[in-house]
Amino acid sequence: MKIYLDGEFVPSEDAKVSVFDHGLLYGDGVFEGIRIYHNRVLRLGDHIDRLYDSARAICLAIPLSKAGMTEAVLETIRRNGLSDGYVRLVITRGVGTLGLNPYHCPKPGVIIIADKIALYPEEKYHDGLVLNTCATRRPTVASLSPMVKSLNYLNNIMAKIEAIQAGADEGLMLNEQGYVAECTGDNIFILKNGEVLTPPVASGALRGVTRSIAIEICMTMQLPLKEAQLTCYDIYTADECFLTGTAAEIIPAVRLDGRPIGDGRPGPVTAEFIRHFREMVKHAGTPV
Ligand code: PMP
Numbered sequence: 639m640k641i642y643l644d645g646e647f648v649p650s651e652d653a654k655v656s657v658f659d660h661g662l663l664y665g666d667g668v669f670e671g672i673r674i675y676h677n678r679v680l681r682l683g684d685h686i687d688r689l690y691d692s693a694r695a696i697c698l699a700i701p702l703s704k705a706g707m708t709e710a711v712l713e714t715i716r717r718n719g720l721s722d723g724y725v726r727l728v729i730t731r732g733v734g735t736l737g738l739n740p741y742h743c744p745k746p747g748v749i750i751i752a753d754k755i756a757l758y759p760e761e762k763y764h765d766g767l768v769l770n771t772c773a774t775r776r777p778t779v780a781s782l783s784p785m786v787k788s789l790n791y792l793n794n795i796m797a798k799i800e801a802i803q804a805g806a807d808e809g810l811m812l813n814e815q816g817y818v819a820e821c822t823g824d825n826i827f828i829l830k831n832g833e834v835l836t837p838p839v840a841s842g843a844l845r846g847v848t849r850s851i852a853i854e855i856c857m858t859m860q861l862p863l864k865e866a867q868l869t870c871y872d873i874y875t876a877d878e879c880f881l882t883g884t885a886a887e888i889i890p891a892v893r894l895d896g897r898p899i900g901d902g903r904p905g906p907v908t909a910e911f912i913r914h915f916r917e918m919v920k921h922a923g924t925p926v
């Protein structure tokens, strides 16, 4: 495996970062997860745009143009001979002194890893995920904007630990006001009386690239879609529920906090979303 590390391709065993990198010391940096399907990179432009927006929001100047970064991602995929897989693009604040001050880190680090991925086993796409509501809340916009896909995922990791300890597959995260934000690594959608509902990003969700794809599929299926503040009640009483994310794709959720969602089995509309998604990835995306 060849890793892109600060402009060079190095074998994975040599792909190392300094213990003084603030990405390690403070989680100071941003990242993206991107998918390759059938020799094409799905929504590469959207991921690159979100990466640069995340970086701008934390005053991190990425030392490559967007065109240069796009080419670096494609070249990493080519060098690893992947026709299907996952790319992890990481920008760290870089090497600095032990203090917090990011202005003592002159050169941001750029890492691109291209590998295989399988987040959930195939049976979860047929049987659905079990969710549990987490006590850990999404940070408010008054702290770090949830729009920033930062290297500091501790909040989500705490929620994931809660979900696993409760025996669930995924954790549902609420915002400070108690409204549904998203899951620990995925956005959430419900279906109720023929309408599709998802929380607005203002509720504390990341603006997921797969969320945008699901919204486009709603248009194709001519299903009415509403961005609405949701509570756990809305999910308990939904007809269907599914999650969206680059790694998870579109996956049904069938229980929340011990309550079956709908009849406790993946719903027919969710199956249609999955079918549309799987059809779309056959030919959409930037050719490698
Ligand atoms: N929310 C969070 C917290 C995430 O980390 C992710 C990405 N794994 C998502 C939602 C889904 O976003 P995307 O569809 O762009 O992968």
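If you count by the numbering used here, then the sequence shown holds residues 639 to 926, one letter each, in order. Where a beta carbon is used, it is the ideal one built from N, C-alpha and C, also for glycine.
Handout entry: Segment contact, 8 Å Cβ cut-off, at least three pairs: the region 660-680 with the region 872-886
Key = With three or more CB-CB distances shorter than 8 Å, the region 660-680 counts as touching the region 872-886.
Handout entry: Sheet register partners of LEU881 (DSSP bridge)
Key = ILE826, ILE889
Practice task
Measure from the alpha carbon of CYS870 to the alpha carbon of each residue in CYS697, LEU789, VAL818, then state which is nearest.
Solution key: Nearest neighbour of CYS870 by Cα position, chosen from CYS697, LEU789, VAL818, turns out to be VAL818.
Exercise for the section: Give me whichever residues DSSP pairs with ARG897 in a beta bridge. Expected result: LEU894
Handout entry: Spatial neighbours of GLU833 in its chain, beta-carbon cut-off 8 Å, leaving aside the 5 residues before and after
Key = LEU861, PRO862, LEU863, LYS864
Exercise for the section: Note down the Cα distance separating LEU835 from VAL655, rounded to an integer number of angstroms. Expected result: Going from the Cα of LEU835 to the Cα of VAL655 covers about 42 Å.
Exercise for the section: Report the residue from ALA801, ILE889, SER783, SER781 whose alpha carbon sits nearest the alpha carbon of ILE826. Expected result: ILE889
Practice task
Count the CB pairs spanning the region 741-758 and the region 697-712 that are closer than 8 Å, and state whether there are at least three.
Solution key: yes
Exercise for the section: On a CA-only basis, which of ALA840, ASP722, VAL768 is nearest ILE755? Give me that one, please. Expected result: It is ASP722.
Practice task
Could you have a look at ALA756 and say whether DSSP puts it in helix, strand or coil?
Solution key: Correct three-state label for ALA756: coil.
Exercise for the section: With hydrogens ignored, establish whether the beta-carbon of CYS870 is closer than 8 Å to any heavy atom of ligand 1. Expected result: CYS870 Cβ: outside cutoff for every heavy atom of ligand 1.
Handout entry: Nearest candidate by alpha-carbon position, reference ASN718, set ALA852, LEU810, ILE641
Key = For ASN718, the nearest C-alpha among the options comes from ILE641.
Problem - According to DSSP, residues forming a beta bridge with TYR874 - result: None, per the DSSP bridge assignment.
Practice task
Evaluate GLY778 with the Cβ neighbour count: other Cβ atoms within 10 Å of its Cβ, from every protein chain shown; 16 or more gives buried, anything less gives exposed.
Solution key: What sits at residue 778 in the sequence shown is Thr, not Gly. With fewer than 16 Cβ atoms within 10 Å of its Cβ, THR778 is classed as exposed.
Problem - For ASN793: DSSP bridge partner residues - result: Paired residue(s): none; ASN793 is not in a bridge.
Handout entry: Contact between the region 757-775 and the region 732-740 (3+ Cβ pairs under 8 Å)
Key = no
Problem - Any non-hydrogen atom of ligand 1 within 8 Å of ARG916 CB - result: no
Problem - Cβ-heavy atom distance, HIS685 to ligand 3, below 8 Å - result: No copy of ligand 3 appears in this structure; the ligands present are ligand 1.
Exercise for the section: Compute the minimum distance between the beta carbon of ASN770 and the heavy atoms of ligand 1, and state whether it is under 8 Å. Expected result: no
Exercise for the section: Drop a sphere of 10 angstroms on the beta-carbon of THR848, count the other beta-carbons inside from all chains shown, and report buried for 16 or more, exposed for fewer. Expected result: buried
Problem - Three-way DSSP call (helix, strand, coil) for ARG731 in this model - result: coil
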